[in-house]
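This report concerns only the one structure given below.
4 protein chains.
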Amino acid sequence: MKIGILTSGGDCPGLNAVIRGAVLKGVRIHDDEFVGIRNGWRGLVDGDFMALDRHSVRGLSKQGGTILGSSRTNPFEGEHGGPENIQKRLDAQGIDAIIAIGGEGTLAAAQRLTDAGIKIVGVPKTIDNDLAATDYSFGFDTAVEIATEAIDRLRTTAESHGRCMVIEVMGRHVGWIALHSGMAGGAHAILIPEQPQTIEQICEWVEHVRDRGRAPVIVVSEGFLLAGMEEAHSHKGLDAFNRPRLGGIGELIAPMIEERTGIESRATVLGHTQRGGAPSAYDRVLATRLGMAAIDAIQAEQWGSMVSLKGTEIEIVSIKEATGGLKTVPQDRYDEAAVLFG
Amino acid sequence: MKIGILTSGGDCPGLNAVIRGAVLKGVRIHDDEFVGIRNGWRGLVDGDFMALDRHSVRGLSKQGGTILGSSRTNPFEGEHGGPENIQKRLDAQGIDAIIAIGGEGTLAAAQRLTDAGIKIVGVPKTIDNDLAATDYSFGFDTAVEIATEAIDRLRTTAESHGRCMVIEVMGRHVGWIALHSGMAGGAHAILIPEQPQTIEQICEWVEHVRDRGRAPVIVVSEGFLLAGMEEAHSHKGLDAFNRPRLGGIGELIAPMIEERTGIESRATVLGHTQRGGAPSAYDRVLATRLGMAAIDAIQAEQWGSMVSLKGTEIEIVSIKEATGGLKTVPQDRYDEAAVLFG
Amino acid sequence: MKIGILTSGGDCPGLNAVIRGAVLKGVRIHDDEFVGIRNGWRGLVDGDFMALDRHSVRGLSKQGGTILGSSRTNPFEGEHGGPENIQKRLDAQGIDAIIAIGGEGTLAAAQRLTDAGIKIVGVPKTIDNDLAATDYSFGFDTAVEIATEAIDRLRTTAESHGRCMVIEVMGRHVGWIALHSGMAGGAHAILIPEQPQTIEQICEWVEHVRDRGRAPVIVVSEGFLLAGMEEAHSHKGLDAFNRPRLGGIGELIAPMIEERTGIESRATVLGHTQRGGAPSAYDRVLATRLGMAAIDAIQAEQWGSMVSLKGTEIEIVSIKEATGGLKTVPQDRYDEAAVLFG
Amino acid sequence: MKIGILTSGGDCPGLNAVIRGAVLKGVRIHDDEFVGIRNGWRGLVDGDFMALDRHSVRGLSKQGGTILGSSRTNPFEGEHGGPENIQKRLDAQGIDAIIAIGGEGTLAAAQRLTDAGIKIVGVPKTIDNDLAATDYSFGFDTAVEIATEAIDRLRTTAESHGRCMVIEVMGRHVGWIALHSGMAGGAHAILIPEQPQTIEQICEWVEHVRDRGRAPVIVVSEGFLLAGMEEAHSHKGLDAFNRPRLGGIGELIAPMIEERTGIESRATVLGHTQRGGAPSAYDRVLATRLGMAAIDAIQAEQWGSMVSLKGTEIEIVSIKEATGGLKTVPQDRYDEAAVLFG
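Protein chains in written order, with the working numbering: chain B, 4 to 345; chain W, 4 to 345; chain A, 4 to 345; chain Z, 4 to 345.
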């Protein structure tokens, strides 16, 4: 078979390992051929392809980013988008099937294209770990590790100077990165989108920590909302271009804490460092296995399926059933972490 | 309740995080008191205890080793061992229940003591990830990460000098560390106890890699056996002074490869670096959750139980049912990795 | 002798290693006693001391922060400040001499106190490496390493998405961290306070990189100024609530680049992660040696002196001669790096 | 000009950064052309060349190993060696001058070839930091960092189990890696080739540490010799197959300590992990600057010169004057470290 691969959406450590896993398995076991589709769906819509053989994937398991490039293009938009045009592109290249590596939007698009008769298999990609169909997604472990290292570093400064440190991590809609890095880093409060808190509650935790003679460390997801302060959010959130402002919540909270508690407070926004660079060993193994399993799904002609992690096994599930709901942090996981607060 | 905690057997990153999780949950939620039992079962047998309060566990989630010390003492041996003597020690201290953190041997002892009426809950600890009752055990992720970093480093030297690098990792009876670090590091062969191979097969992989213009990287578990060379193994253990040789299998294989293929070959034995030092974020989260769950098991009076990871959840299982079989690398996981060999 | 030690000003990896080096050398070689002065000059002014013996410095060489705490208090201010009051505090504790670890301000204060008869020796501390009297100061190497790791990570995202990444590092008045991390990370432009540039020049570099098919990576010191845009800088400091904006120059430049070149651009502000956490091996060695040499200076009764690195040697120099001028990046070092721009 | 570059001898982090620095400076400033000489002097003798343009050095500053390959070939040996044959190879390729990156042997060869009229400039390379002509050589800082991380990890196991850990680091003739990593890691004894010690002295340090309730950590250079035990050393080199034993001194000392002190002792040999993989930021900066300065030396037609670090400056010195003496650890640096022993 001739298989096209594309990577879509934001960066995520492990994308290259997925590509390598798929290519090595396909070439060695099934004598497949591969074509790289550049810059996500855009390359498919525009017919922008690149050679992708066994040599191209050499040494890729540890390399961050994606050699295929990425974009946020929607394959149904634009003059050249849509299933018919895409099928023409595939036919012109002799591509039999596509492996689409991407998040919720990409998987939804993959489902629609499958419904239109295009042969696609998905690999879930979300740094935020917010896809319900998989226990963990590659990139998440690396992001948590990077955030934890930053928390470790910021803690020593907090303690030397008697300061409160507010560390903003990724997580627009779900709090998994904050939950795990906060637990790993020994945070005194973890603020996540699923659990709005009042500034009063936060200050109570902060003062409790200070009263025990320690320096408060707070980890906050970028998507956390202060309870009862929708007003503050509505202002803070927009920049001159009417887009959500970078930084945001951490920089909003830190001065509030300082003002109310008198404890010098500083915000640090970890930003893109969480999603670039070499993947952790965990993510390399997971991504490699997912890439290899995508070939199994193609062999089994399970179009519209995606690969996922369940326990220690890689399974093939239906995109339709697997997506649709955001995997939020459940109450019991938050309660478990909250035992360590304050 | 007054709870004693002990750590037994070899070092493992995350031991301190288990202790911290248990103490913080017990103190904060159930008003429990804690006593540290020094140096594993030896402290229990000898009555060697230490204070263990909330302050003692400060900052422990990221700290390697165990503040309680460890040993390989068997609680049933010696003049002061056995359930009756141990119960006296516990009574003298007013200890109601014990959390025993250790491997197969510790869990088996915990079961026997439970059968004798002592109230114990176990937390599984194995750097090798060889306990069947848990998807993963804390410390394993850190060991894989350290081994993977070493493989990454050794690879550049291999390629600059056209050498074959043989990297010996931990794994006396099972090959999990080799399997995961080898996949993560892009090894060209992974040699594990579960899958004996002939030196001819290994050399075939090595030559195949060389013929593709690359430098072979081989990861081998310390417990790997060369098929058809039991003789070599029986000799390998002795040096010129008739003492057991350190290193072992890696140093046995490397010169054999060099002799048969003509490719300059070097062995590196990672040794104890794999089991010391700060745990990865993954292991900190897992260990903290296990420690907290051990308190739940005590609250539920599930004596003779242990905590374990199933998928993303921490469960409480019976030690009796959970132990007994070594969790070896199954054939399908080896086959999956073998696609990447050569 | 009885020696007091204080750490003053911002956090810097290696402070604890200086303390450990001084205490171990003093205790072991000269039978000195030590007293910790809490929170910089404030502890001296307020008489806030802590025990500091050999046991207190155990394991400190690798620990970030300072066990003594720090502050920005000026010893000449306040009701209890000034040489006379300080001398009283020292007499009350029986302290013979002080080791003051701090930056330009601390060293200037140490000089004034020396002039007033107080026995002080200084250890230079500046994460920015801006003190002329020493080749390098501890903490700088760690900061450069952390910034370089961040650049490595951000680069993969830049390349996968065809973006321009602007990374803001520390350096209020001098560009050493930007210069070294930018060279190490392969930046396409390094923007430092010593070398104002126009936005047009920056965009020229950016476009040149893009035209070669690569993703531009720009490292900028927090103190960099855009040539001909003083207006922008004076405004940049205020947000919608009229508070000083965090981030600053990186977040100012990135949208300018995007607007002028059409290349999607993102800013990341590394912030406090650069000055917390475990020191690099280089900084541990340097800090330990400086701490030990401070004891030599005290033994030699060289009051008003400080220890410094010259080549591979630690020397004792006069604070008066050593300070006063900021050590800026010289033109030839900037020109050397600029060969790699664009 | 057309410039050939070769890398010779053992692996060393920063080789690629030297190549990149030289090529970028030569191409951009002087319009030089470059040719890669494969596998050290062997490529020159055999006429094995590779393209080396600006594109080839992309992203190399952080990459371990050498894209040119390396070997230990002596250019004066073999049928095709010697100045006349080499000059023919250079003429055939139109190469005007050579940059030779290597250790003592390479620099000596470069001098002899210079004397024979071949135009060569040297860049000193020694992971052991044993070249007198330069304050530090690239790769050394990375090796020290890796060794220090390993010591940090091994220490926690030592303390949890009350063991003595013996860590063998590189350093065949000089003890710089042991000295710096031992100081950084807080070792209780540092054993280097320049300072033979008796096993009795070592055991005295070990027992002193144990008596203070701590776990002894000993760092030993591979070239260290036990005073009064030449016999042991002469035997240690051979295993049961009469081949040189790997490991060596660490594995010799650990059981001796255990036998004499009763303290369980373990040896770990760090081996090749110290010289592979990504260079530290310090080494990237140093290596890049040395590579660029080599172009300056060529422009100045200073044949037979080499580039070196003096303080913070890169200087051009004569190979003849710069080499010849091993840079050993001086007595005062050893005494300084020894204050921290025991």
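Think of the CB as a built atom: it goes at the ideal place given N, C-alpha and C, for glycine as much as any other residue.
- Of the other Cβ atoms in all chains shown, fewer than 16 fall within 10 Å of the Cβ of Asp34(A); this residue is therefore exposed.
- Contact between the segment 149-165 of chain A and the segment 269-281 of chain B is present: 3 or more CB-CB pairs across the two stretches fall below 8 Å.
- Listed along the chain, the chain Z residues whose CB falls inside 7 Å of the CB of Val222(A) amount to none; the nearest CB is some 12 Å away.
- One finds Ser163 and His164 in chain Z with Cβ atoms closer than 8 Å to the Cβ of Ser73(W), taken in chain order.
- Under the DSSP assignment, Lys91(A) falls in the alpha helix (DSSP H) whose first and last residues are Pro86 to Gln96.
- Taking the Cβ atoms as the reference, Leu134(W) lies roughly 6 Å from Lys330(W), within the contact range of under 8 Å.
- Secondary structure note for Leu9(B): its beta strand (DSSP E) is the uninterrupted segment Lys5 to Thr10.
- Under the three-state reduction of DSSP, Gly105(W) is assigned to strand.
- The beta-carbon of Ala25(Z) is placed no less than 9 Å from the nearest beta-carbon of chain W.
- Against His183(W), the close residues of chain B are Ala284 and Val288, in the order they occur along the chain (beta-carbon pairs closer than 7 Å).
- Counting only residues of its own chain and dropping the five nearest sequence neighbours on each side, Thr145(B) has a CB closer than 6 Å to the CB of Pro16, Pro282, Ser283 and Asp286.
- Listed in chain order, the positions of the segment 25-59 of chain B with a beta carbon within less than 8 Å of a beta carbon of chain W are Leu27, Lys28, Arg31 and Ile32.
- The residue among Cys167(Z), Leu229(Z) and Ile298(Z) with its C-alpha nearest the C-alpha of Val30(Z) is Ile298(Z).
- Per the DSSP secondary-structure output, Phe52(B) pairs in a beta bridge with Ile40(B).
- Listed by position along chain Z, the residues whose Cβ is nearer than 8 Å to that of Leu110(A) form an empty set, because the closest Cβ is around 20 Å away.
- One finds His275, Thr276 and Gly279 in chain W with Cβ atoms closer than 7 Å to the Cβ of Leu157(Z), taken in chain order.
- Ile32(A) counts as exposed, since fewer than 16 other C-beta atoms from the protein chains shown sit within 10 angstroms of its C-beta.
- Closer than 9 Å to the CB of Gly189(W) there is at least one CB belonging to chain B.
- In the three-state reduction of the DSSP assignment, Arg75(W) falls in the coil class, being assigned neither a helical nor a strand state.
- By the Cβ criterion, the segment 174-191 of chain B is not in contact with the segment 297-317 of chain A, since fewer than three pairs of Cβ atoms, one from each stretch, lie closer than 8 Å.
- Note on Glu304(B): under 16 other CB atoms within 10 angstroms of its CB, so exposed under the neighbour-count rule.
- The C-beta separation of Ile317(B) from Arg336(B) comes to about 23 Å, leaving the pair out of contact by the 8 Å criterion.
- For Gln277(W), the three-state secondary structure derived from DSSP is helix.
- Within 10 angstroms of the beta-carbon of Glu203(B) lie fewer than 16 other beta-carbons, which makes it exposed.
- Contact check for Gly68(Z) against Asp131(Z) fails: the beta carbons are separated by 9 Å or more.
- In this structure, DSSP gives Lys313(Z) an extended state, which the three-state scheme calls strand.
- In this structure Asp14(A) is buried. Its beta-carbon is surrounded by 16 or more other beta-carbon atoms within 10 angstroms.
- Chain-order list of chain A residues neighbouring Leu343(Z): Leu27, by C-beta distance under 7 Å.
- Neighbours of Val147(A) across chain Z, judged by C-beta separation under 7 Å: Ala284.
- The three-state secondary structure of Gln198(Z), taken from DSSP, is coil.
- For Ile130(W), there is no enclosing beta strand (DSSP E), as DSSP gives it neither H nor E.
- About 5 Å separates the CB atoms of Ser64(Z) and Ala20(Z); that is less than 8 Å, so the two are in contact.
- Chain-ordered listing is empty here: chain Z has no CB closer than 7 Å to the CB of Val209(W), the nearest sitting near 17 Å.
- Proximity of chain W to Gly62(Z) at the Cβ level (cut-off 9 Å) is not reached, the minimal Cβ distance being about 14 Å.
- Secondary structure note for Ala340(W): its alpha helix (DSSP H) is the uninterrupted segment Gln334 to Ala341.
- Contacts between Asp138(W) and chain B, judged by CB atoms closer than 8 Å, involve Gly314 and Thr315 in chain order.
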